[in-house]
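Following: one structure in structure tokens, then a few remarks.
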Amino acid sequence: MSETPILKPTQALDLLYEFEREPVTEDKLQPGRYFAGLFAGEHVAGTEFVIGALFVSWGVNAYDIFVGLLLGNLMAVLTWTLICAPIAVRTRLTLYWFLRKVAGPTVTTIYNVLNAFLFCILAGCMITVSASAVRVPLGIPPQTQWIPTDFRFVLVVLVVGAVVVTLAILGFKRLSQFSVVCSPWMFLMFIAGAIALLPAAGVDIRTWNDFWQIATQKIWTGVRPDGKEPISFWHVSAFAWICNLAMHGGLSDMAIFRYARSSAYGLFSAFGMFLGHYLAWICAGIMGAMSAILLQKSIIELDSGAVATEALGTAGLIAVILAGWTTSNPTLYRAGLALQAVTPGWPRWLVTLLAGAGTTIIACSPFVFTKLLDFVGYYGLLLMPLGAVAFTEYWIFPKIGLTRYWIEKKQMSMNLPALLSWLISIAVAITLEKTGTLHLFFLFVPVWLMTSILYTILAMLMGARDVPADAKEVIPTAENNLIVTSSQRKKEITQKEESKSDPVVWISGIIAGLSLIICLLLSIWVFVKGTNGFAQNLKTFHSILLYPTLAYFIAGTIFVIRRDREKQNN
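Residue numbering for the sequence shown is 14 to 583, as defined by the numbering used here.
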């Protein structure tokens, strides 16, 4: 009888293969629930507390926030579905390796290093958000300077960063499982916090008109506290659209959708946009405005930890911590994939570990969070043009007689038209923004179109037509992988039926569901009680909410792990 070999830690980590340099195989494609959970978890984040409150401080009126966000998030979902997901599904590659075929190794190396660096800053922002919640019970003062003023904050960041890096190393499936467990509860916390704090307005809300009156007079008033001109409906819509520009318009989420069974899975981004960037932003605006009333402070003086604590007590701190984790995890995962493309001899886990170490160091400086919104705008602006280049070459070139992947077929190391189009587009965009000609939020469409047209013209002049007639396709496609045979469908149905027979799975699922219902009912109880004894009711809500929260995470974790393990065994 042979003994199972004992693997060294590095050998075990090497087994966490994530198809970094070749197409994902059919047997590794993931079901829709993973994408729903991943998007919901990533986009119901700690920054939603900040952005939701930001709209209030920007003087947005109630109509613009409800309708403007609806339009902007719809455009974001369509961009994921129609631009990003189709290329990912057909190539099964990350953007970083797909771009290598399109732009050549030199341009791709520049892009990947820049992309990874920006991803690390973004992940660092999320780690800082989580740390800002942990600081509250430890009595650490708010950290808003370039350098932390309390060494305990640094220790908190290091611990939070260690957890984030570990989850990112474990790969796509572990990230998805973590998000699947966290996202329903986190989303519910935004709703529960908003419902519970509404009586802080001093009015008992019994009709929609009552709510709308509070919304227009005490939350989204159309007046900025600093006296500047409020932003418009179109600013709200454009911000919602470009908030994740690098991911959808810049094609970075090819890393996620290469595991999708169909390009229609791009619609699962709606779980992130409409649960996170719509309802969560609205709820966060309510919590921010009501917290400012209770604490008698301006909304711009409150951070995520303060707002969440005022709304949800200890459960609010947990919500901010987890929200930061579920956003920083996939972001750091993408950073590892980007660096993997320029360190071909290194395993992904090692690259991700090193990127995570740098990210955690960045997170120790709170400035990355205080400058988050400016960073997000420029982040998308810097990366988006090469997404337009990749889209144009994949879809447009074959239709106008130019050769797809012409750089690799000619064995050239650099795609000069791509580099020039990228640099010129960035220069024009920054000029338009800095001169006040066009607001940062409105640059996406004109810059995308300019990049696409410019690249097409330059490529036509510099050799995209001049390719040997016998040149073969270099990129392996996975279009045939979309075909699911009847036997495979039958097997999936059988597995679903068998999974229902496991009592542990359905009992833990019921307990998790009931726990969420209890959390919601507790907030409704505070709301119904209204202004009568509100302070005491809110305190009771905070103390009780922690128990169904713990019950949910225990039962939810058991449910997800047992269900996935059972399906894998089947």
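Heads up, the beta-carbon is just placed ideally off N, CA and C, and yes, glycines get one too.
Quick one: what's got a C-beta closer than 6 Å to residue i's C-beta in the same chain, skipping five residues either side?
{"i": "Phe547", "result": "Pro212"}
{"i": "Val173", "result": "Ile140, Ser143 and Ala144"}
{"i": "Ile200", "result": "Looking at the sequence provided, one finds Phe at residue 200 rather than Ile. Here the set comprises Val57 and Leu288."}
{"i": "Pro430", "result": "Tyr468, Leu471, Ala472 and Met475"}
{"i": "Ala146", "result": "Gly318, Leu330, Val333 and Ile334"}
{"i": "Asn428", "result": "Ala116, Gly117, Val120 and Ile420"}
{"i": "Phe284", "result": "Ala49, Phe52 and Ala53"}
{"i": "Thr498", "result": "Caution applies to Thr498, whose pLDDT of 37 falls short of 50 and renders its modelled position unreliable; the model cannot decide the point."}
Are residue i and residue j closer than 9 Å when you measure CB to CB?
{"i": "Trp408", "j": "Phe270", "result": "no"}
{"i": "Ser521", "j": "Ala477", "result": "no"}
{"i": "Ser317", "j": "Pro161", "result": "no"}
{"i": "Asp169", "j": "Thr372", "result": "The sequence given here has Val at residue 169, not Asp. Cβ atoms of Val169 and Thr372: not closer than 9 Å."}
{"i": "Gly81", "j": "Val90", "result": "no"}
{"i": "Ser245", "j": "Asp77", "result": "yes"}
{"i": "Ser304", "j": "Glu323", "result": "yes"}
{"i": "Gly279", "j": "Ala66", "result": "no"}
{"i": "Gly235", "j": "Thr544", "result": "no"}
{"i": "Gly390", "j": "Ile255", "result": "yes"}
{"i": "Met300", "j": "Phe203", "result": "yes"}
{"i": "Gly206", "j": "Cys138", "result": "no"}
{"i": "Val539", "j": "Ala302", "result": "no"}
{"i": "Leu529", "j": "Pro99", "result": "no"}
{"i": "Trp338", "j": "Cys532", "result": "no"}
{"i": "Thr220", "j": "Leu559", "result": "no"}
{"i": "Ala136", "j": "Ile232", "result": "no"}
{"i": "Thr60", "j": "Ala336", "result": "yes"}
{"i": "Trp294", "j": "Phe68", "result": "yes"}
{"i": "Trp71", "j": "Arg237", "result": "yes"}
{"i": "Leu325", "j": "Ile182", "result": "no"}
Between the C-alpha atoms of residue i and residue j, what's the straight-line distance to the nearest angstrom?
{"i": "Leu292", "j": "Gln424", "result": "49 Å"}
{"i": "Leu83", "j": "Leu474", "result": "42 Å"}
{"i": "Ser275", "j": "Gln43", "result": "10 Å"}
{"i": "Ala259", "j": "Glu446", "result": "18 Å"}
{"i": "Thr416", "j": "Thr464", "result": "18 Å"}
{"i": "Met267", "j": "Asn550", "result": "47 Å"}
{"i": "Tyr272", "j": "Leu106", "result": "9 Å"}
{"i": "Asn125", "j": "Gln230", "result": "47 Å"}
{"i": "Gly349", "j": "Tyr47", "result": "20 Å"}
{"i": "Pro243", "j": "Val63", "result": "17 Å"}
{"i": "Ile331", "j": "Phe164", "result": "22 Å"}
{"i": "Glu511", "j": "Asp577", "result": "Reliability fails at Glu511, whose pLDDT of 46 lies under 50, so the model's placement of it is uncertain and the value that follows must be treated cautiously. In a straight line, the C-alpha of Glu511 is about 12 Å away from that of Asp577."}
{"i": "Leu432", "j": "Ala403", "result": "12 Å"}
{"i": "Ile227", "j": "Ala49", "result": "33 Å"}
{"i": "Ser556", "j": "Leu535", "result": "11 Å"}
{"i": "Pro155", "j": "Leu315", "result": "9 Å"}
{"i": "Tyr392", "j": "Leu131", "result": "7 Å"}
{"i": "Ile96", "j": "Val460", "result": "16 Å"}
{"i": "Ile574", "j": "Glu421", "result": "43 Å"}
{"i": "His261", "j": "Thr444", "result": "24 Å"}
{"i": "Leu264", "j": "Leu108", "result": "6 Å"}
{"i": "Ile153", "j": "Ala525", "result": "33 Å"}
{"i": "Leu527", "j": "Val517", "result": "15 Å"}
{"i": "Ser193", "j": "Ile523", "result": "First, the amino acid is wrong: residue 193 is Val here, not Ser. Their backbone Cα atoms lie some 16 Å apart in a straight line."}
{"i": "Lys412", "j": "Val480", "result": "16 Å"}
{"i": "Ala442", "j": "Leu394", "result": "8 Å"}
{"i": "Phe224", "j": "Asp217", "result": "9 Å"}
{"i": "Val167", "j": "Arg148", "result": "10 Å"}
{"i": "Phe410", "j": "Tyr418", "result": "9 Å"}
{"i": "Ser426", "j": "Leu171", "result": "40 Å"}
Identify the residues that DSSP records as bridge partners of residue i: which are they?
{"i": "Asn74", "result": "Thr234"}
Leaving out five residues on either side along the sequence, give the residues of the same chain with a beta carbon under 8 Å from the beta carbon of residue i.
{"i": "Gly414", "result": "Arg478"}
{"i": "Leu495", "result": "At Leu495, the pLDDT of 40 sits below 50, so the modelled position is not reliable; the number obtained from the coordinates is stated separately. Excluding residues within five positions, the ones whose Cβ falls inside 8 Å are Val102, Arg274 and Ser275."}
Output needed for residue i: all residues of its chain with C-beta closer than 7 Å, excluding positions within five of it in sequence on either side, in chain order.
{"i": "Arg368", "result": "According to the sequence displayed, residue 368 carries Ala and not Arg. Answer for Ala368: Ala129, Cys133, Leu345, Ala348, Gly349 and Leu352, listed in chain order."}
{"i": "Ile434", "result": "A quick correction: the sequence has Ser, not Ile, at residue 434. Counting only Cβ-Cβ distances below 7 Å, and skipping sequence neighbours, we find Pro398, Val402, Thr464, Leu467, Tyr468 and Leu471."}
{"i": "Met286", "result": "His56, Asn86, Ala89 and Val90"}
{"i": "Ala564", "result": "Ile524 and Ser528"}
{"i": "Val176", "result": "Trp338"}
Quick check: is any heavy atom of the ligand SAH less than 8 Å from the C-beta of residue i?
{"i": "Tyr407", "result": "As presented, the structure is devoid of all ligands, the ligand SAH included, so that no description of it is given."}
Taking only beta-carbon positions, decide if residue i is within less than 9 Å of chain D.
{"i": "Thr179", "result": "Of the protein chains in this structure there is only one, and it is not chain D."}
- Do the segment 398 to 417 and the segment 105 to 125 meet, that is, are 3 or more Cβ pairs less than 8 Å apart? yes
- Message: Would the segment 40 to 58 count as touching the segment 300 to 311 if we require 3 or more Cβ pairs under 8 Å?
- Response: no
- Message: Could you check whether the segment 439 to 456 touches the segment 248 to 259, counting it as contact only if at least three pairs of C-beta atoms, one from each stretch, sit closer than 8 Å?
- Response: yes
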